[in-house]
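Quick note on numbering: my numbering labels position 165 of the sequence shown as 165, and the sequence is numbered without any gaps. Here a beta-carbon is modelled for each residue, glycine too, at the ideal position from N, C-alpha and C. Everything below concerns the one structure shown next.
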Amino acid sequence: MTSDPRDIDVDLGPLARRARRSLNGDHAGELGVVLPPFLDHHVHVEMTLPEQAVAGGIAGVVDLGANPAVVAAWAAREGLPRVRYAGAFLTAIGGYPSDRPWLREGSLRELPAVETGADDAPRQERTALPGPVDSAVDEQQAFGASVVKVVLNADAGPVFDRSTLDAIVAAAHAHGLPVAVHAEGEGCAALSVEVGADALVHTPWTERLDDALIARAAAGQVWISTLAIHARDFGDDSAELACAVDNLARFRAAGGRVLYGTDLGNGEQPIGVNAGELALLARAGLAASELVAALIDPWPLAARDTWALDGVATFVPGDPPTSPDSLPDWLANARVVPADDLELL
Ligand SMILES: [Zn+2]
């Protein structure tokens, strides 16, 4: 009995196919695996060279904090990577990252707390004008944002109170935009869950989330991994990385949806598919098919076909290794290729 040559020994999910590169293009006749386009769900295009990520296998990126005019211009360009974005960071007045040297001009909106003590004022007086929250969310949407980014860093300045967060989430959801939160410091991840935020832009690393909170997060949020920056900043055997891996492992086990993201633009790191990030996702328990799912998830869009990536595919040369330890390095050989350049086997 011979095995079907289309079979792949490792379960890479339902969309993986064996393929051969056409005889007309580069690497004629090379055998490998075709997958949907890979996305990095957390980057900052103003602080990196996103076109280099394309050479490293990334076809689309989600910018999570930029000058909205600059990132909109980036996204309007022809070619790859396709860029979806949040626009500006929304934070409390004086909140993180207002004092950071890396902050790009026009990339931050500091918002005052929503007034909640005026319940005895005439209703019209309270609702006649859009407040700063609505204006800030409207502005990001006017620039074409697909998601609203909120910063809650209790370790580095003031954070929004519950009422202001509720107003931000309501304004974003009224526009059909998900809310993605940077949660750092005690209670910030819990607050993001309580207000119905849709995503965390980093796996929480500053505190262990208890199982009940993890279960609520898994039911309502997606988490963007960014584990490799914790390994870089604190060390591979650090308490911070162990905390993040433990939180993510329990989030995954509770059915949470995990997205591949690197925070590209945040300091030195490999450009393109990051084998280190994938290895840490595997450490958190993700199987091969889950690594692929994290790379091809269309978030913050509802579906892959709205990314305007028709016509491109991911090609990974060779057979996937049967040893899980070798899988991250194999996936990091991914190339973005024209789909027409591939012949399915
Ligand atoms: Zn970031």
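Since I believe LEU200 is in contact with ALA183 (beta carbons under 8 Å), could you give me their beta-carbon distance rounded to a whole number of angstroms? On the sequence shown, residue 183 is found 183 positions in, with the first residue counted as 1. On the sequence shown, residue 200 is found 200 positions in, with the first residue counted as 1. The Cβ separation is near 6 Å, so the contact holds.
CA-CA distance, GLY187 and PRO317? In the sequence shown, counting from the first residue as 1, residue 187 sits at position 187. In the sequence shown, counting from the first residue as 1, residue 317 sits at position 317. Rounded to the nearest angstrom, the two C-alpha atoms are 44 Å apart.
Given a cut-off of 8 Å on the beta-carbon distance, is the pair ALA41 and ASN266 in contact? The residue given as residue 41 occupies position 41 in the sequence shown. The residue given as residue 266 occupies position 266 in the sequence shown. A quick correction: the sequence has His, not Ala, at residue 41. Contact: no.
Any heavy atom of ligand 1 within a distance shorter than 7 Å of the CB on ASP263? For this step, residue 263 is matched to residue 263 along the sequence shown. Yes, the beta carbon of ASP263 sits closer than 7 Å to at least one heavy atom of ligand 1.
Check whether the Cβ atoms of VAL114 and SER163 lie closer than 8 Å to each other. For the purposes of this step, residue 114 is taken as the residue at position 114 of the sequence shown. For the purposes of this step, residue 163 is taken as the residue at position 163 of the sequence shown. Yes, Cβ-Cβ distance for VAL114 and SER163 is below 8 Å.
Please return the same chain residues whose Cβ sits closer than 7 Å to the Cβ of ASP63, not counting the five positions on each side in sequence. Counted from its first residue, the sequence shown places residue 63 at position 63. Once the five neighbours on either side are set aside, the close Cβ partners of ASP63 are VAL43, HIS44, VAL45, VAL71, VAL83, TYR85 and ALA86.
DSSP three-state label for ASP263, please. By one-based count along the sequence shown, residue 263 stands at place 263. Coil, per DSSP.
Among the residues of its own chain, which have a CB less than 6 Å from the CB of LEU165, if the five just before and after it don't count? Position 165 of the sequence shown holds residue 165. So the qualifying residues of the chain are VAL195.
Excluding the five sequence neighbours on either side, which residues of its own chain have a C-beta within less than 6 Å of the C-beta of ARG250, listed in chain order? Taking the first residue of the sequence shown as 1, we reach residue 250 at position 250. Around ARG250: ILE214.
Given 8 Å as the limit, is there contact between the region 281–288 and the region 300–318, that is, 3 or more CB pairs closer than that? no
How many angstroms separate the CA atom of GLY32 from the CA atom of VAL292? If you number the sequence shown from 1, residue 32 lands on position 32. If you number the sequence shown from 1, residue 292 lands on position 292. Cα-Cα distance, rounded: 15 Å.
Using the rule of at least 16 other Cβ atoms within 10 Å of the residue's Cβ for burial, across every protein chain shown, is ASP4 buried or exposed? Working through the sequence shown from its first residue, we reach residue 4 at position 4. With fewer than 16 other Cβ atoms within 10 Å, it is exposed.
Given this structure, state the Cα-to-Cα distance separating ASP134 from HIS173, to the nearest angstrom. To locate residue 134, count along the sequence shown from 1; it is residue 134. To locate residue 173, count along the sequence shown from 1; it is residue 173. Distance between the alpha carbons of ASP134 and HIS173 is about 11 Å.
For ILE271, does the count of other Cβ atoms within 10 angstroms reach 16, so buried, or fall short, so exposed? Taking the sequence shown and counting its residues from 1, one reaches residue 271 at position 271. That one is buried.
Where PHE89 falls: helix, strand or coil (DSSP): Here residue 89 refers to the residue found at position 89 of the sequence shown. The answer is strand: DSSP assigns PHE89 an E or B state.
Under 8 Å by Cβ, that's how I've got LEU295 and LEU39 pegged, so tell me the actual separation to the nearest angstrom. Start at 1 with the first residue of the sequence shown, and residue 295 comes out as number 295. Start at 1 with the first residue of the sequence shown, and residue 39 comes out as number 39. The Cβ separation is near 7 Å, so the contact holds.
In three-state terms, what does DSSP make of GLU186? The residue labelled residue 186 in the question sits at position 186 within the sequence shown. Of the three classes helix, strand and coil, the one that applies to GLU186 here is coil, per DSSP.
Counted within 10 angstroms of its Cβ, other Cβ atoms place GLN124 as buried (16 or more) or exposed: As a first step, residue 124 is located in the sequence shown; it is residue number 124 there, counting from the start. Model confidence at GLN124 stands at a pLDDT of 47, short of 50, so the residue's coordinates are unreliable; what they give is reported in the following sentence. By the neighbour-count rule (16 or more Cβ atoms within 10 Å), GLN124 is not buried but exposed.
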